[in-house]
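Colleague: Top to bottom, those sequences are chains R and C. FYI, in our numbering the residues of the first sequence are 47 to 319. FYI, in our numbering the residues of the second sequence are 80 to 321. Handing you this structure, nothing more for now.
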Amino acid sequence: MADETSPRQAALHEVVQDIPREGRCFEIEELSVAYAGKTALSGLNLYVPRHRVTAFIGPSGCGKSTLLRAFNRLHDLNDDVDRQGRIMLEGQEIHAPEVDVADLRRRVGMVFQTPNPFPMSIYENVAFGLRLQAALPKRRRDEVIEWALESAALWDEVKHRLHDSALSLSGGQQQRLVIARTLAVQPEVLLLDEPASALDPISTLKIEELIRTLKSHLTLVLVTHNMQQAARVSDYTAFLEGGELIEYGATDTLFTNPRLARTENYITGRTDR
Amino acid sequence: MDITTDTHSQHISKQFNQELEELKTHLMTMGGQVEKQVQDAVTALLESDSRLGERVSDDDKSVNDMQLKIDDECTRVLARRQPAASDLRLVLAVIRATSDLERIGDEASKIARNAVVLSEAGNGPKGLVEVRHISEHVRAMVRDSLTAFARFDIDLALKVVHEDEAVDNEYTSAMRSLMTFMMEDPRSITSVLSVMWVLRALERIGDHANNLAEYVIYLVKGLDIRHIDPDELDEDALKRQS
């Protein structure tokens, strides 16, 4: 292939195995991020396949959350972040001047580790993003809210109490509510930063099952410390260490026969020697 | 990534190291016992020692118990540790290996039973030269495949895979000459048939040793070479370090 001849592509080919080259949702080129001069990511190249679940794993401080936050320009909110390199979403550079950041964040939604519902009713939480976007007639808005709660596998549990406070929900329900809130504005990508690490095992399984159903129409990117979770839910797994992409490949391969000793040591709980 | 014999002793959890180490040790103990069973069975046959033959059948029970015990340990490791990568491959290889070792034990018992029958019938049967020759070959395969497992030795495992072809050829030609004996002297049919069963069991033992060698390659390289013709293996690629 022609584009494999450049050194960048050759370097990419070194660490990337079996990732479909068609249907790229995100393409990252030479991405470096530094916080107040301290490097968090250096010269990262990777692409994220569309309508698949891609997991980022790695030890604390490896840069996986930094990478995730770069996908919807959350680093813009912080002044001492220095970013270099390109991030393409569906072929368009997300830092281009004509890109509206609010619209980018609608297209690329994010769910954080701790559920963060707003102190208002369940209904209003999901309606919140919708109200910011466009004035919908109430009936249409109700439909979207029901659809979003259905998609987040929460509807049956809350349909009779839509006007109760969101804070009355359990942690797992709150996390699914937050996902419903994100889904209501019809994103293309869902970024999940440790979405289940504060949840009990049953709620975790519900979130994981939700991730599986959502990938039929969304691209999902998951950051997790839980390797079994990455193995359970993701199609592709990227292992990062020290701000670099070490190995990236099909989850099935990475968890049964990783190519590099560094990856093997991390996923099997060995000390690096 | 290739693994070495100390790969499984580098976990942060020392208990996990120990559990995997025990799996290997117990598999080797079982292997040693099965090896001895095969040797005793062949000796019983060649030396018409019916008492030794009977003991081999009795030993089979303890081999079966070992299989259950090791499988149980593997189940526990899977449930409690959710092993990945080379750890997972070790557990899978051990589970598969115990099943082949147990069957080698069964084949040894068959040989021993035929040894008892033949020794009770008296007068040295035909075909013992072939039995001696093939049994030496097959016992070396079992020994080498176990050594390859213990040392994670790809070269030795590949050697076993190729030996299996040679044993299959020897088996075919031995069967042919035994057939000739039967045609020449119909009174020998009963005893020659027993020898044929013995040869058949030896040939099966060779197949199981071949399986063991294939698990070693899976364990070390992560490549499943079952159902691939040995002549079509890319051995240079297998021997290359990664």
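In this text, a Cβ means the ideal position worked out from N, Cα and C, and glycines have one as well.
What does Glu287 (chain R) reach in chain C if we use C-beta pairs closer than 7 angstroms?
Modeller: In the first sequence, residue 287 (chain R) corresponds to position 241, counting from 1. Under the 7 angstroms cutoff, chain C gives no residues; its nearest Cβ is about 15 angstroms from Glu287 (chain R).
Colleague: Let me know the beta strand (DSSP E) ranges lying completely inside the stretch 91 to 159 of chain C, each 3 residues or longer, listed in chain order.
Modeller: Given a length threshold of 3 residues, the stretch 91 to 159 of chain C has no whole run of the beta strand (DSSP E) inside it.
Colleague: On a Cα-Cα basis, can you pick out the residue from C:Ile91, C:Lys115 and C:Asp139 that is closest to Arg160 (chain C)?
Modeller: By one-based count along the second sequence, residue 160 (chain C) stands at place 81. Among C:Ile91, C:Lys115 and C:Asp139, the Cα nearest to that of Arg160 (chain C) is on C:Ile91.
Colleague: Of all Cβ atoms in chain R, is any one closer than 9 angstroms to the Cβ of Gly301 (chain C)?
Modeller: The sequence position of residue 301 (chain C) within the second sequence is 222, counting from 1. Taking Cβ atoms only, chain R reaches closer than 9 angstroms to Gly301 (chain C), which makes this a yes.
Colleague: Check whether the stretch 284 to 296 of chain R touches the stretch 105 to 114 of chain R, taking contact to mean three or more Cβ pairs, one atom from each stretch, closer than 8 angstroms.
Modeller: Flag = yes, the stretch 284 to 296 of chain R and the stretch 105 to 114 of chain R touch.
Colleague: With a threshold of 9 angstroms between beta carbons, is Glu254 (chain R) in contact with chain C?
Modeller: Residue mapping note: residue 254 (chain R) aligns to position 208 of the first sequence, counting from 1. Chain C contact via Cβ: absent.
Colleague: List, in chain order, every chain R residue whose beta-carbon is nearer than 8 angstroms to that of Ala163 (chain C).
Modeller: As a working mapping, residue 163 (chain C) is identified with position 84 in the second sequence. Chain R residues near Ala163 (chain C): Met273, Ala277, Phe301, Thr302, Ile313 and Thr314.
Colleague: Just list the residues that DSSP pairs Asp281 (chain R) with in beta bridges.
Modeller: Reading the first sequence from its first residue, position 235 is the one you call residue 281 (chain R). Its beta-bridge partners do not exist; DSSP assigns none.
Colleague: Helix, strand or coil for Ser106 (chain R), going by three-state DSSP, please let me know.
Modeller: Position 60 of the first sequence, counted from the start, is the residue given in the question as residue 106 (chain R). Ser106 (chain R) falls in the coil class under three-state DSSP.
Colleague: Please determine, among R:Lys252, R:Tyr282, R:Leu200 and R:Ser262, the residue with the shortest C-alpha to C-alpha distance to Pro233 (chain R).
Modeller: For the purposes of this step, residue 233 (chain R) is identified with residue 187 of the first sequence, where counting begins at 1. Of the candidates R:Lys252, R:Tyr282, R:Leu200 and R:Ser262, the one whose C-alpha sits nearest the C-alpha of Pro233 (chain R) is R:Ser262.
Colleague: Buried or exposed: where does Arg70 (chain R) fall if 16 or more other Cβ atoms within 10 Å of its Cβ makes it buried?
Modeller: Residue 70 (chain R) sits at position 24 when you count from the first residue of the first sequence. Buried, since its Cβ has 16 or more Cβ neighbours within 10 Å.
Colleague: Taking the alpha-carbon positions, what's the Ala219 (chain C) to Thr226 (chain C) distance?
Modeller: For the purposes of this step, residue 219 (chain C) is taken as the residue at position 140 of the second sequence. For the purposes of this step, residue 226 (chain C) is taken as the residue at position 147 of the second sequence. Taking the straight line from one Cα to the other gives about 10 angstroms.
Colleague: Check whether chain R comes within 9 angstroms of Ile233 (chain C), counting only Cβ atoms and requiring the distance to be less than that.
Modeller: The residue you call residue 233 (chain C) lines up with position 154 of the second sequence. It does not: the Cβ of Ile233 (chain C) has no partner Cβ on chain R nearer than 9 angstroms.
Colleague: Are Ile74 (chain R) and Ala101 (chain R) closer than 9 angstroms when you measure CB to CB?
Modeller: Residue 74 (chain R) sits at position 28 when you count from the first residue of the first sequence. Residue 101 (chain R) sits at position 55 when you count from the first residue of the first sequence. No, these two residues do not count as a Cβ contact at 9 angstroms.
Colleague: Using the Cβ count rule (16 or more neighbours within 10 Å means buried), how would you classify Ala48 (chain R)?
Modeller: If you number the first sequence from 1, residue 48 (chain R) lands on position 2. Summary for Ala48 (chain R): the model assigns pLDDT 39, below 50, so the residue's position carries little reliability; its value from the coordinates is reported in the next sentence. Ala48 (chain R) should be labelled exposed.
Colleague: Ignore the nearest five residues each way along the sequence and tell me which others in Ala123 (chain C)'s own chain have a CB closer than 6 angstroms to its CB.
Modeller: Taking the second sequence and counting its residues from 1, the one referred to as residue 123 (chain C) is at position 44. Excluding residues within five positions, the ones whose Cβ falls inside 6 angstroms are Leu131, Gly132, Ala191 and Ala194.
Colleague: Please name the residue or residues paired with Lys84 (chain R) in a DSSP beta bridge.
Modeller: Here the question's residue 84 (chain R) lines up with position 38 in the first sequence. For Lys84 (chain R), which the question treats as bridged, DSSP gives the partners R:Tyr81.
Colleague: List the endpoints of the continuous beta strand (DSSP E) containing Thr265 (chain R).
Modeller: The residue given as residue 265 (chain R) occupies position 219 in the first sequence. From DSSP, the beta strand (DSSP E) with Thr265 (chain R) extends over Thr265 to Val269.
Colleague: Say whether the stretch 234 to 252 of chain R touches the stretch 164 to 182 of chain R, bearing in mind that this needs 3 or more beta-carbon pairs closer than 8 angstroms, one atom from each stretch.
Modeller: no
Colleague: Quick one: Cα of Met273 (chain R) to Cα of Asp246 (chain R), how far?
Modeller: The sequence position of residue 273 (chain R) within the first sequence is 227, counting from 1. The sequence position of residue 246 (chain R) within the first sequence is 200, counting from 1. So the two alpha carbons sit approximately 16 angstroms from each other.
Colleague: What residue range does the alpha helix (DSSP H) around Glu314 (chain C) cover?
Modeller: Numbered from its first residue, the second sequence carries residue 314 (chain C) at position 235. Note, Glu314 (chain C): alpha helix (DSSP H), Glu314 to Lys318.
Colleague: By the 10 Å Cβ neighbour count, where 16 or more other Cβ atoms means buried, how is Asp308 (chain C) classified, buried or exposed?
Modeller: Taking the first residue of the second sequence as 1, we reach residue 308 (chain C) at position 229. It is exposed - the Cβ of Asp308 (chain C) has fewer than 16 other Cβ atoms within 10 Å.
Colleague: Short check: CB of Ser270 (chain C) to CB of Ser188 (chain C), under 9 angstroms?
Modeller: Reading the second sequence from its first residue, position 191 is the one you call residue 270 (chain C). Reading the second sequence from its first residue, position 109 is the one you call residue 188 (chain C). Note that the C-beta distance between Ser270 (chain C) and Ser188 (chain C) is not below 9 angstroms.
Colleague: Ala86 (chain R): which of R:Gln130, R:Thr314, R:Arg152 and R:Ser280 sits nearest, CA to CA?
Modeller: Locating residue 86 (chain R) in the first sequence gives position 40, counting from the first residue. Closest option to Ala86 (chain R), Cα to Cα, is R:Gln130.
Colleague: In the DSSP assignment, the alpha helix (DSSP H) including Asp246 (chain R) goes from what residue to what residue?
Modeller: The residue given as residue 246 (chain R) occupies position 200 in the first sequence. Looking at the DSSP string, Asp246 (chain R) is not in any alpha helix (DSSP H), and its letter there is neither H nor E.
Colleague: Going along the chain, which unbroken runs of the beta strand (DSSP E) with 3 or more residues stay wholly within the stretch 134 to 192 of chain R?
Modeller: Within the stretch 134 to 192 of chain R, the complete beta strand (DSSP E) runs of at least 3 residues are 154 to 157.
Colleague: Which value, in whole angstroms, describes the spacing of the CA atoms of Leu306 (chain R) and Ser280 (chain R)?
Modeller: Counted from its first residue, the first sequence places residue 306 (chain R) at position 260. Counted from its first residue, the first sequence places residue 280 (chain R) at position 234. Spanning the two alpha carbons is a distance of roughly 20 angstroms.
Colleague: Taking Asp239 (chain R) as part of the beta strand (DSSP E), name the residues at either end of that continuous run.
Modeller: In the first sequence, the residue the question calls residue 239 (chain R) occupies position 193. Segment Val235 to Asp239, the beta strand (DSSP E) holding Asp239 (chain R).
Colleague: By Cβ distance, which residues of its chain are closer than 7 angstroms to Asn162 (chain R), with the 5 residues on each side in sequence left out?
Modeller: Sequence index remark: in the first sequence, residue 162 (chain R) carries index 116 (1-based). Correct list, in chain order: Val224.
Colleague: Tell me whether Gln130 (chain R) sits in a helix, a strand or coil according to DSSP, three-state version.
Modeller: Stepping through the first sequence from its first residue, residue 130 (chain R) is reached at position 84. Strand, per DSSP.
Colleague: Under 8 angstroms from any heavy atom of the ligand ATP, does the C-beta of Thr265 (chain R) make it?
Modeller: The ligand ATP is not part of this structure, which contains no ligands at all.
Colleague: What number of angstroms, rounded off, separates the C-alpha of Phe231 (chain C) from the C-alpha of Ala212 (chain R)?
Modeller: Taking the second sequence and counting its residues from 1, one reaches residue 231 (chain C) at position 152. Taking the first sequence and counting its residues from 1, one reaches residue 212 (chain R) at position 166. CA-to-CA, the gap between Phe231 (chain C) and Ala212 (chain R) works out to about 57 angstroms.
Colleague: Short check: CB of Val267 (chain R) to CB of Leu236 (chain R), under 9 angstroms?
Modeller: Along the first sequence, one-based indexing puts residue 267 (chain R) at 221. Along the first sequence, one-based indexing puts residue 236 (chain R) at 190. Yes, the pair counts as a contact, with Cβ atoms nearer than the cut-off.
Colleague: Between the Cα of Met107 (chain C) and the Cα atoms of C:Leu157, C:Val173, C:Met80 and C:Phe95, which residue gives the shortest distance?
Modeller: By one-based count along the second sequence, residue 107 (chain C) stands at place 28. When each option's Cα is compared against that of Met107 (chain C), the closest is C:Val173.
Colleague: Identify every residue that forms a DSSP beta bridge with Glu287 (chain R).
Modeller: Numbered from 1 along the first sequence, position 241 holds the residue referred to as residue 287 (chain R). Paired residue(s): R:Glu290.
Colleague: Pro265 (chain C) by DSSP, collapsed to three states: which one?
Modeller: Indexing the second sequence from 1 puts residue 265 (chain C) at position 186. If DSSP states are grouped into helix, strand and coil, Pro265 (chain C) belongs with the helices.
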